[in-house]
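Read through the structure below, which is laid out as C-alpha cells, and then see the notes.
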Amino acid sequence: MYESVLRAKSEQRAVFPLGGPHLWEVAKIADPKERRRLAEVMEEFSDFNYLPGRRTVAELEFAAGIARVMGEQPRLEAISLLRPTFGHVFGM
Numbered sequence: 001m002y003e004s005v006l007r008a009k010s011e012q013r014a015v016f017p018l019g020g021p022h023l024w025e026v027a028k029i030a031d032p033k034e035r036r037r038l039a040e041v042m043e044e045f046s047d048f049n050y051l052p053g054r055r056t057v058a059e060l061e062f063a064a065g066i067a068r069v070m071g072e073q074p075r076l077e078a079i080s081l082l083r084p085t086f087g088h089v090f091g092m
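Okay, so the sequence shown: first residue is 1 according to the numbering used here, each after it adds one.
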C-alpha cells in the first residue's frame, strides 16, 4: 500500500492532506523514534499540507445555511483548502 500511495501522489492522481486528528494521534506517541518515523511517512504522503479545521468548515457551513434560510446568496469566502502549515487546522 505504501508504494501505491507514493505512486498515486507522484502521478498527481491523489493528494493525502493531514488534519487535526493526525496531530493529536502523533502527540500520543511516547517513543521519539516512533514519532519521528511516523512524521517522515506523513511528510512523504502529504508534504505537510493540512486541511482547514472543523471550526472553519462549520463556520462556513453555518453561514451558508443561514443565507439559504434568509433567501440570500451565501458570501463566497475564498479559503485555501490545503496549506503547508499545521496552523491551518486551528484557523490560523
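All C-beta atoms, glycine included, are put in the ideal place defined by N, C-alpha and C.
- Query: Going by C-alpha distance, which of G19, M92, Q12 is nearest N49?
  - Reply: G19
- Message: Taking 6 Å as the limit between beta carbons, can you name the residues of its chain near K28, skipping five residues before and five after?
- Response: none
- Message: Quick test of the definition: if touching needs 3 or more C-beta pairs under 8 Å, does the stretch 36-49 touch the stretch 82-91?
- Response: yes
- Message: Residues in the same chain with beta-carbon distance under 7 Å from V5, minus the five sequence neighbours each way, listed in chain order, please.
- Response: Answer for V5: F16, F45, listed in chain order.
- Item | H116 to G53 span [Cα, whole Å] | Nothing about residue 116 can be reported from this structure: the residues present for the chain run from 1 to 92 only.
- Using the DSSP secondary-structure output, state which residues sit across from R83 in a beta bridge. DSSP lists Y50 as partners of R83.
- Query: In the stretch 9-50, which residue ranges form an unbroken alpha helix (DSSP H) of at least 4 residues, counting only runs that do not cross its ends?
  - Reply: List check, alpha helix (DSSP H) in window: 20-27, 32-46.
- Using a Cβ-Cβ cut-off of 7 Å (strictly less than) and excluding sequence neighbours within five positions of E40, which residues of its own chain qualify? none
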